[in-house]
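S.K.: Please see the structure below; I have some questions.
2 protein chains.
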Amino acid sequence: MTEHATVPLRLRGMGAFHVGGRDVELSGLPVREHLMAEGGQPVRIDPNGRYVVEQMYAQYFLADPDAGRLPLLLWHGGGMTGATWETTPDGRPGWLHEFLRRGRDVYLCDAVERGRSGFAPVPHVWPEAPVIQTPADIFTRFRIGTRDPATGALCPFPDTQFPVAAFDALARQMVPRWTTTDAAVLAGYLALLERTGPAVIVCHSQAGVFALRAAHARPDLVRAVIALEPASIPMLDTATRAYDVPTLVVLGDHIDTDARWPRMADRIRTFANAHAAVDILSLPDIGMHGNSHMLMMDRNSLAIAGRVSDWLIHKGV
Amino acid sequence: MTEHATVPLRLRGMGAFHVGGRDVELSGLPVREHLMAEGGQPVRIDPNGRYVVEQMYAQYFLADPDAGRLPLLLWHGGGMTGATWETTPDGRPGWLHEFLRRGRDVYLCDAVERGRSGFAPVPHVWPEAPVIQTPADIFTRFRIGTRDPATGALCPFPDTQFPVAAFDALARQMVPRWTTTDAAVLAGYLALLERTGPAVIVCHSQAGVFALRAAHARPDLVRAVIALEPASIPMLDTATRAYDVPTLVVLGDHIDTDARWPRMADRIRTFANAHAAVDILSLPDIGMHGNSHMLMMDRNSLAIAGRVSDWLIHKGV
């Protein structure tokens, strides 16, 4: 076996579960014969009936020794799964391992629609097919580098922190995604919080919307938010209830190289200026250059995790 | 937090990776604008280009203390993911935890098409939509009980070992499945074996076909097979090469209550009779009654794991 033994660790326990979901009833669908296994017996499947859909999956890892702090819920971004937080593309420990090493219990989540959470039948329950993105698209969109418009060659930024030689491993992690499942995804995450009790959310990209909504709705359960390059700031009804959950937004480098990120960064700064609870950690401003969108995978990912850990301790969570 | 602390354990390390996959080139697809996050900037996505598809995901857990025996690769069945082997529906430790406790390294796998392995675009790469099955269908097909044809009521067998009160947790684990991906799934599993080196495969249901094919093709890598209720025995070219990988097929109870299982059990017995390397453990024959198709989830799942462990040690693997 060639596995790197990563970091030896002890756990008080580990396990997994599904939460949430809702019942749907399908009818009017044709009954069909399927051969479910080579050489097996044909199976007559009647797809009509009651299903549960939009449940979500989480694995939990209980640290030993236990630092006695709140657990972390790791919420991946668009087109990804919980694997985001595991071994990096170039084989280093991920944030899952690092925060366990620091004595935090960690919930590694697959959002509704992703990974071990499965997905609802299309088009019967979810009307549209999922969206796919090429690895080349990801290379530029995640600000790892540029693409030569003439040749299509992918050119990393000279100072990129992303482990470019292992880019194909990132490409292999990408999965299809839907764009119309936000309500179901948020419902799943809220069901998870009901089960875990008070926790810290560490979210990435697309999950920023879910984390901020969850925090605003349930400040009793969401005691802090670490938002790694949130793809957007949702419209929150802060007239009715203030946003006062301690929140750290972490931003990488090369923001100006992408069509969208400057506006998203502005929106983030507007949000931070409007709410005292929100801090921004802009990595280039503290001398950490070259970070891509994938802060948990970049070569300095554990140094960033250390900054995040310090901020959380400083906030008393 | 309400998690049961399952079993405290130590690990030499843990991690995850993707293996396998192949490149495909898509062309002629329309470019579209998508709103990828609420309140975010619209994104123009050109889906044409090179993709990697049919990769598979595995998590590895390295036991401490290490019993010095071959690692186990856990291969789930149809409509399921690696979660099969984790915490049981009623919150008990799963086979993942049990075999780590026994000092075996374990690879928890999501087959190609499932879980964190993702799935290829439909219909561009895989031509058909996946298949779905109702929980009611699963209840009878997995031989947990019967369904009253008049009322639809689900009635467990009086002696069922399945934790019926937690059946909804099993229903939440089920995910869509394809029926035309066998070649890709097997290729992914072979790529995994190339990476892990010599190992023992523990497979369930649909995965029986992949395990027996892999064992027949690569007896250097597959040193034993534990086949829990394999859904089928594939046609192997045993004229060219004998099937001589030590194999234990484990069968549960109530075989005669299902339309398919008696024939599948006959086929299994024919296979065992033809190959000295193949043993059958029929649980009712050793006084373990009431087991369903889900031997790793039934209430006596750890006793069954113990029998499997003993057999492996007896076989020297």
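Protein chains in written order, with the working numbering: chain A, 1 to 317; chain B, 318 to 634.
Quick reminder that beta carbons are idealized off the backbone N, C-alpha and C, glycines included.
#1: Could you tell me whether the segment 612-628 of chain B touches the segment 560-580 of chain B, using the rule of 3 or more Cβ pairs below 8 Å?
#2: Scan the segment 205-219 of chain A for residues whose Cβ lies nearer than 7 Å to a Cβ of chain B and list them as they occur along the chain.
#3: By the 7 Å beta-carbon criterion, what residues does the segment 233-248 of chain A contribute toward chain B?
#4: Run the proximity test for Met-14/A: is its beta-carbon closer than 7 Å to any non-hydrogen atom belonging to the ligand SAM?
#5: If you run the structure through DSSP and keep just helix, strand and coil, what is Leu-35/A?
#6: Rounded to whole angstroms, what is the Cα-Cα separation between Glu-350/B and Met-288/A?
#7: Taking just the CA atoms, how far does Met-397/B sit from Ala-16/A?
#8: Hey, how far is the Cα of Gly-91/A from the Cα of Pro-8/A?
#9: Quick check: what's the CA-CA separation for Val-164/A versus Pro-93/A?
#10: Residues in its own chain within less than 6 Å of Trp-311/A by CB, not counting five upstream and five downstream?
#11: CA-CA distance, Val-122/A and Glu-128/A?
#12: Excluding the five sequence neighbours on either side, which residues of its own chain have a C-beta within less than 7 Å of the C-beta of Arg-299/A, listed in chain order?
#13: Just to confirm before moving on: does the CB-CB distance between Trp-318/A and Leu-73/A stay below 8 Å?
#14: Could you spell out the range, first to last residue, of the alpha helix (DSSP H) harbouring His-254/A?
#15: I'd like to know whether the C-beta of His-335/B is nearer than 8 Å to at least one C-beta of chain A.
#16: List the residues of chain B that Glu-38/A touches, going by C-beta distances under 7 Å, in chain order.
#17: For Ser-205/A, is the classification buried or exposed, using 16 other Cβ atoms within 10 angstroms of its Cβ as the cut-off for buried?
#18: In three-state DSSP terms, what is Pro-473/B?
#19: Name the chain B residues whose beta carbon is nearer than 8 Å to that of Glu-86/A?
#20: List the residues of chain B whose Cβ lies closer than 9 Å to the Cβ of Arg-269/A, in chain order.
#21: What does a CB cutoff of less than 6 Å around Ala-171/A pick up in its chain, not counting 5 residues either side in sequence?
#22: Which first and last residues belong to the beta strand (DSSP E) in which Ala-380/B is found?
#23: What do you reckon, are the CB atoms on Ala-187/A and Tyr-107/A nearer than 8 Å?
#24: What are the boundary residues of the alpha helix (DSSP H) that includes Ser-309/A?
#25: Going by C-alpha to C-alpha distance, which of Leu-343/B, Leu-598/B and Val-369/B sits closest to Asp-308/B?
#26: Under a Cβ-count criterion, where at least 16 other Cβ atoms within 10 Å of its own Cβ denotes burial, should Thr-238/A be classed as buried or exposed?
#27: For His-631/B, count neighbouring Cβ atoms within 10 angstroms of its own Cβ and tell me buried if that reaches 16, exposed if not.
#28: Counting Cβ pairs closer than 8 Å, one from the segment 112-122 of chain A and one from the segment 199-213 of chain A, do we hit at least three?
#29: Give me the subset of the segment 62-84 of chain A whose CB atoms are less than 8 Å from a CB atom of chain B, sorted by chain position.
#30: Do the segment 579-597 of chain B and the segment 52-68 of chain A make contact, defined as three or more Cβ pairs closer than 8 Å?
#31: Please tell me whether Val-112/A and Ala-215/A are closer than 8 Å, where the distance is taken between their beta carbons.
#32: Using 10 angstroms around the beta-carbon of Asn-608/B, count the other beta-carbons present and answer buried if the total reaches 16, otherwise exposed.
#33: Could you check which residue in Arg-464/B, Val-542/B, Phe-527/B and Gly-432/B has the C-alpha nearest to that of Arg-177/A?
#34: Give the DSSP-derived three-state secondary structure of Gly-118/A in the structure shown.
#35: Applying the criterion that 16 or more other CB atoms from any shown protein chain within 10 Å of the CB defines a buried residue, is Pro-30/A buried or exposed?
M.R.: According to the structure data:
#1: yes
#2: Gln-206 and Val-209
#3: In summary, the residues of the segment 233-248 of chain A whose CB is separated from some CB of chain B by less than 7 Å are Ile-233, Pro-234 and Met-235, in the order they occur in the chain.
#4: The ligand SAM is not among the ligands present in this structure, which contains no ligands whatsoever.
#5: If you number the first sequence from 1, residue 35/A lands on position 35. In this structure, Leu-35/A counts as strand in the three-state DSSP scheme.
#6: To locate residue 350/B, count along the second sequence from 1; it is residue 33. To locate residue 288/A, count along the first sequence from 1; it is residue 288. Those two C-alpha atoms are separated by around 33 Å.
#7: Numbered from 1 along the first sequence, position 16 holds the residue referred to as residue 16/A. Numbered from 1 along the second sequence, position 80 holds the residue referred to as residue 397/B. Distance between the alpha carbons of Ala-16/A and Met-397/B is about 14 Å.
#8: Locating residue 91/A in the first sequence gives position 91, counting from the first residue. Locating residue 8/A in the first sequence gives position 8, counting from the first residue. Roughly 15 Å between the two C-alpha positions.
#9: Here residue 164/A is taken as the residue at index 164 of the first sequence, counted from 1. Here residue 93/A is taken as the residue at index 93 of the first sequence, counted from 1. Using only the alpha carbons, I get a separation of about 17 Å.
#10: Residue mapping note: residue 311/A aligns to position 311 of the first sequence, counting from 1. Correct list, in chain order: Leu-248.
#11: Your numbering for residue 122/A matches position 122 in the first sequence. Your numbering for residue 128/A matches position 128 in the first sequence. Cα to Cα, the separation comes out at about 6 Å.
#12: Within the first sequence, numbered from 1, the residue matching residue 299/A stands at position 299. So the qualifying residues of the chain are Gln-161 and Pro-163.
#13: Only positions 1 to 317 of chain A appear in this structure, which leaves residue 318/A out of reach.
#14: Here residue 254/A refers to the residue found at position 254 of the first sequence. Segment: none, His-254/A is in no alpha helix (DSSP H) and carries neither H nor E.
#15: Position 18 of the second sequence, counting from 1, holds the residue named residue 335/B. Yes, contact with chain A.
#16: Taking the first residue of the first sequence as 1, we reach residue 38/A at position 38. Those within 7 Å of Glu-38/A in chain B are Asp-499, Val-526, Ser-549 and Pro-551.
#17: As a first step, residue 205/A must be located in the first sequence, where it is residue number 205. Its Cβ being crowded by 16 or more others within 10 Å, Ser-205/A is buried.
#18: The residue labelled residue 473/B in the question sits at position 156 within the second sequence. Pro-473/B falls in the strand class under three-state DSSP.
#19: The residue you call residue 86/A lines up with position 86 of the first sequence. Near Glu-86/A (Cβ distances below 8 Å), the residues of chain B are Gly-332, Ala-333 and Gln-376.
#20: Numbered from 1 along the first sequence, position 269 holds the residue referred to as residue 269/A. Result: empty, since nearest Cβ-Cβ is about 15 Å, beyond 9 Å.
#21: In the first sequence, residue 171/A corresponds to position 171, counting from 1. Within the same chain, Ala-171/A has close Cβ partners Pro-135.
#22: As a working mapping, residue 380/B is identified with position 63 in the second sequence. First-last of the beta strand (DSSP E) with Ala-380/B: 366-381.
#23: Here residue 187/A is taken as the residue at index 187 of the first sequence, counted from 1. Here residue 107/A is taken as the residue at index 107 of the first sequence, counted from 1. No, Cβ-Cβ distance for Ala-187/A and Tyr-107/A is not below 8 Å.
#24: By 1-based counting over the first sequence, the position of residue 309/A is 309. Segment 301-314, the alpha helix (DSSP H) holding Ser-309/A.
#25: Lying before the first or after the last residue shown, residue 308/B is absent from chain B, which here runs from 318 to 634.
#26: Reading the first sequence from its first residue, position 238 is the one you call residue 238/A. So Thr-238/A counts as exposed.
#27: As a position in the second sequence, residue 631/B is number 314, starting the count at 1. His-631/B comes out exposed.
#28: no
#29: Leu-62, Asp-64, Pro-71, Gly-78, Thr-81, Gly-82 and Ala-83
#30: no
#31: In the first sequence, the residue the question calls residue 112/A occupies position 112. In the first sequence, the residue the question calls residue 215/A occupies position 215. Result no, Cβ atoms of Val-112/A and Ala-215/A do not sit closer than 8 Å.
#32: Position 291 of the second sequence, counted from the first residue, corresponds to residue 608/B. With 16 or more other Cβ atoms within 10 Å, it is buried.
#33: The residue given as residue 177/A occupies position 177 in the first sequence. It is Gly-432/B whose Cα lies nearest to the Cα of Arg-177/A.
#34: Residue 118/A sits at position 118 when you count from the first residue of the first sequence. Gly-118/A: coil per DSSP, three-state reduction.
#35: For the purposes of this step, residue 30/A is taken as the residue at position 30 of the first sequence. When all chains shown are included, Pro-30/A counts as exposed.
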